[in-house]
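Residue numbers (the working numbering): 178 to 536.
Backbone N, C-alpha and C define an ideal beta-carbon position, used for all residues, glycine too.
From a predicted model like this one, the values you see are computed outputs, not experimental measurements.
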Ligand code: F0G
């Protein structure tokens with residue numbers, strides 16, 4: 178049996194696989210890690226930047242999709258988690274914890290498993306998508322369902338980590354922001370600095386904060402257009418939403434922890450944080466899947482919903498961040514599509530009718 182320490186990849190060990198360089202290695206110069214520090218990686222980052230011809234046509238700009246669902250656990254959270262868990266291990270931590278609408282939980286659980294440390298997650302009862310719950314459980318995290326919403330879960334977990342030696346890996350953790358800023362580096366490199374506007378969903382507001390930090394470090398300043406779901410839009414309203422509600426469960430958040438940072442990112446970039454309705458989110462979600470071939474989760478589609486709603490405002494190079502993949506939330510996908518399943522008897526006539534008959 179190997180001990181947790183020997184199971185950790187060192188930076189040198191990670192270099193054995195040259196097919197994909199972990200972001201912590203790719204951007205080490207710009208991250209708070211030194212050679213030889215423990216590296217807990219699942220080979221995250223370096224995600225595709227895909228052209229979106231249909232969207233481009235619709236808004237009259239060159240639109241690309243940053244496919245963050247291509248990260249190992251299927252969301253952008255892995256960028257922050259490789260850093261947060263590597264730092265926790267460096268400090269000798271034996272356990273990590275987070276409050277989550279699902280993706281942070283899945284990511285924390287995976288990286289903790291990789292590191293051989295324990296993980297607990299607090300999720301709002303009955304309110305996280307099934308794929309995320311499956312991931313979190315299978316990675317062996319302790320899943321605690323709170324009779325309360327995400328904001329309350331985060332309050333409690335902050336109080337708990339103030340009193341116990343468990344590392345908090347929500348985006349209050351600076352290492353999360355540091356790791357997530359690398360997505361801005363990748364886009365900047367891929368577009369050779371020509372990006373003019375970035376569309377991004379906003380929940381707890383860690384990611385928009387990270388992107389702005391990343392762009393600033395490179396001296397770039399695209400406009401950041403953050404989008405919140407109408408029923409969970411505290412940054413748009415300028416006040417806490419006590420009972421946030423939206424179909425996009427990942428961003429069902431009423432009191433974002435990175436509130437000031439997100440507002441500063443929007444203002445300093447000459448951008449904005451604006452609302453999109455659930456209907457607009459679901460329309461964008463279906464359009465992405467049926468016209469661009471890209472299945473993301475509903476929260477991710479908020480970035481595209483916002484672009485479609487408010488337009489490209491003369492920006493020619495636009496990127497929409499698709500934060501998580503569609504399989505995270507099969508229930509919502511099955512309930513919101515234009516397709517139908519055709520029952521069929523097991524004989525040729527019935528098959529012919531099913532395949533070739535009028536739809
Ligand atoms: N998109 C997805 C798929 C998310 O899971 C989240 C946040 C966001 C967008 C918003 O990012 O919070 O940095 O503004 N999910 C968190 C979680 C809250 O617990 O998984 P943010």
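Your pair residue 304 and residue 354 does not check out as a contact, with CB atoms roughly 25 Å apart and the cut at 8 Å. DSSP places residue 493 in no beta strand (DSSP E); its state is neither H nor E. Between residue 297 and residue 274, the C-beta spacing is below 7 Å. Looking at the DSSP output, residue 403 bridges to 377 and 450. Secondary structure of residue 254 (DSSP, three-state): helix.
In the DSSP assignment, no residue is bridged to residue 508. Residue 323: not part of any alpha helix (DSSP H); member of the beta strand (DSSP E) spanning 319-323, first to last residue.
Residue ranges of uninterrupted alpha helix (DSSP H) with 4 or more members, entirely inside the segment 262-310 and ordered along the chain, are 280-292. Counting of Cβ neighbours within 10 angstroms places residue 315 among the exposed residues, the total staying below 16. Straight-line measurement puts the Cα of residue 534 at about 13 Å from the Cα of residue 520.
Judged by beta-carbon spacing, residue 250 lies within the 7 Å limit of residue 283, meaning their Cβ atoms are closer than that value. Collapsing the DSSP output to three states places residue 500 in coil. By the Cβ test, the segment 255-275 is not in contact with the segment 510-524, since fewer than three Cβ pairs between them sit closer than 8 Å. DSSP links residue 473 through a beta bridge to 502. Taken atom to atom, the span from the alpha-carbon of residue 437 to that of residue 222 is near 27 Å. Annotation: residue 420 to residue 289 spans about 31 Å, alpha carbon to alpha carbon. A residue is called buried once 16 or more other Cβ atoms fall within 10 Å of its Cβ, and residue 365 is buried on that count. Under the three-state reduction of DSSP, residue 243 is assigned to strand.
Per DSSP, reduced to three states, the secondary structure at residue 232 is helical.
Taking 7 Å as the cut-off, the Cβ atoms of residue 452 and residue 462 do not count as close. Put simply, the backbone Cα of residue 319 is about 47 Å away from that of residue 237. The alpha-carbon of residue 495 is positioned some 18 Å away from that of residue 358. No Cβ-Cβ contact shorter than 7 Å links residue 294 with residue 330. With fewer than three CB-CB distances shorter than 8 Å, the segment 228-244 does not count as touching the segment 195-209. In the structure shown, the three-state DSSP call for residue 208 is coil.
By the C-beta criterion, the segment 372-386 is judged to be in contact with the segment 396-406, since at least 3 inter-stretch pairs fall below 8 Å. Straight-line measurement puts the Cα of residue 232 at about 32 Å from the Cα of residue 418.
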